[in-house]
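K.L.:
Under this note's numbering, read the sequence shown as residues 495 to 806, first letter to last. Backbone N, C-alpha and C fix where the C-beta goes; we use that ideal spot for every residue, glycine too. This structure is a prediction, so every number in the text was calculated from the model and none was measured. First the structure, which I've put down as structure tokens, then a few questions once you've had a look.
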Amino acid sequence: MAYTYIFGPVPSRRLGISLGIDLLPFKTCSFNCIYCECGRTTQYLNERKEFFPVENIFSEISDYLSNNEYPDFLTFSGSGEPTLYSKLGELISMCKTGFPEIKVAILTNSSLLYREDVRNECSLADVVLPSLDSARVESFLKLDRPFEKDKLNLIIYGLIEFRKMYEKEIWLEVFFAQGINDSLEDLNALHDAIIKIKPDLIQLNTLDRPPTESFTKPVSKKFLEDVAKRWNDLPVEIISRYKNRDEIENYSKEFELQLLSALKRRPLTRSDLTYVFNKPMVEIAKYLDILEFEKKIKNVILNKKIFIQILN
């Protein structure tokens, strides 16, 4: 069966094995972010609609899950903003009733969390991954280009209110672009907002794929590491991928060769690698990023596990 609304499953560093669900026509969004890998927003709006019949979407999900291994997560994401889908809560409830073993995640740009109905629907998920790229209007407008240009304070309010009612995991992503939201003023404003939002995790990211606008430039890994140190009172991790060995502090050629040697013997999971080398995954992942970028390794899904396999 050819699927219209679901994609994957894909191995995700954040969510394990994730089956993606796209609830909207392509590039329907409340933002028109300069860094989006899907291109410019073509349906630019903030009105919630049932873009596709909820029964049709659930039918596809059910068909896939009836004929394949269960993923770790059903992830509402795709090429637009999933909270624009007016039957989001109903669909999550259908998934939870039909497949209670599978967790649900939502990736959102946070633009509608100021609405109580959206917060209530998102609260049905097991993990919510909102974003907040700026707490200053000037950089927010340049980076995210929102449909509603005067709603930044409401967006931050929505995140704060959502935290008050939601006891499960909130992983807040912050995307940095060079010369736009990387000033000291931006960092201080974001820090103050995040303190109030109280996410369980803050994930720092920057550009590693072709953006919508060619003038968008990534910040350096050192910048992200410096932000993590500056925000040492917050639970911060860097999720932007490494592409160059000179980005790795105290890079070891010997360790890279040992890693490749282990993977030549047999495919290994990330847990296997942390055990074999007695190193934290945050360090091993830097080498894996580079090897994957150079097409020397790939991720393979087998028996609900993600294995790292060497490519000849």
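1. List, from N- to C-terminal side, the beta strand (DSSP E) runs of 3 residues or more that fit wholly inside the stretch 717 to 750.
2. Find out if the Cβ-Cβ distance for the pair Leu-757, Ile-804 is shorter than 8 Å.
3. Provide the residue span of the alpha helix (DSSP H) that contains Gly-583, from first to last.
4. Excluding five sequence neighbours on each side, which residues of the same chain lie with their C-beta closer than 7 Å to the C-beta of Gly-502?
5. Can you find the residues in the same chain that come closer than 8 Å, C-beta to C-beta, to Ile-778, ignoring five residues on each side of it along the sequence?
6. Roughly how many angstroms separate the alpha carbons of Val-794 and Ile-802, rounded to a whole number?
7. On the CB-based measure, 16 or more other CB atoms within 10 Å of its CB, does Gln-697 come out buried or exposed?
8. Check Gly-572 in the structure and name its three-state DSSP category.
9. Could you give the first and the last residue of the continuous beta strand (DSSP E) run that contains Leu-796?
10. Have a look at Asn-562, Asn-561, Phe-552 and Phe-567 and flag the residue whose alpha-carbon is nearest the alpha-carbon of Gly-592.
11. In chain order, what are the residue ranges of uninterrupted beta strand (DSSP E) at least 3 long that sit wholly in the stretch 632 to 695?
12. If Cys-532 sits next to Lys-521, beta carbons under 8 Å apart, how far is it from one beta carbon to the other, in whole angstroms?
13. May I ask you to report which of helix, strand or coil DSSP gives Ser-604?
14. Nearest CA to the CA of Ala-722: which residue from Gly-510, Val-668 and Glu-595?
15. Is the Cβ-Cβ distance between Glu-719 and Ile-733 less than 8 Å?
16. Could you tell me which of Leu-509, Val-598, Cys-527 and Ala-496 sits nearest to Thr-700, measuring between CA atoms?
17. With distances taken between CB atoms, is the gap from Arg-657 to Ile-691 smaller than 8 Å?
P.N.:
This is what the structure holds:
1. Correct list: 730 to 732.
2. Yes, the pair counts as a contact, with Cβ atoms nearer than the cut-off.
3. Counting along the chain, the alpha helix (DSSP H) containing Gly-583 begins and ends at 582 to 592.
4. Counting only Cβ-Cβ distances below 7 Å, and skipping sequence neighbours, we find Ser-512, Leu-513 and Gly-514.
5. Only residues of its own chain outside the window of five on either side were considered, and among them Leu-753, Arg-764, Leu-767, Thr-768 and Phe-771 have a CB closer than 8 Å to the CB of Ile-778, listed in chain order.
6. Whole-angstrom Cα-Cα distance: 6 Å.
7. Label assigned to Gln-697: buried.
8. For Gly-572, the secondary structure class from DSSP, reduced to helix, strand or coil, is coil.
9. From DSSP, the beta strand (DSSP E) with Leu-796 extends over 791 to 796.
10. For the residues Asn-562, Asn-561, Phe-552 and Phe-567, the minimum Cα distance to Gly-592 belongs to Phe-552.
11. Counting whole runs of 3 or more residues, the stretch 632 to 695 contains the beta strand (DSSP E) stretches 663 to 670.
12. Contact holds; Cβ gap of about 6 Å.
13. It is coil, neither helix nor strand.
14. If we check each option's Cα against that of Ala-722, Val-668 comes out closest.
15. No, Cβ-Cβ distance for Glu-719 and Ile-733 is not below 8 Å.
16. When Leu-509, Val-598, Cys-527 and Ala-496 are compared, the shortest CA-CA separation from Thr-700 is found for Cys-527.
17. Yes, the pair counts as a contact, with Cβ atoms nearer than the cut-off.
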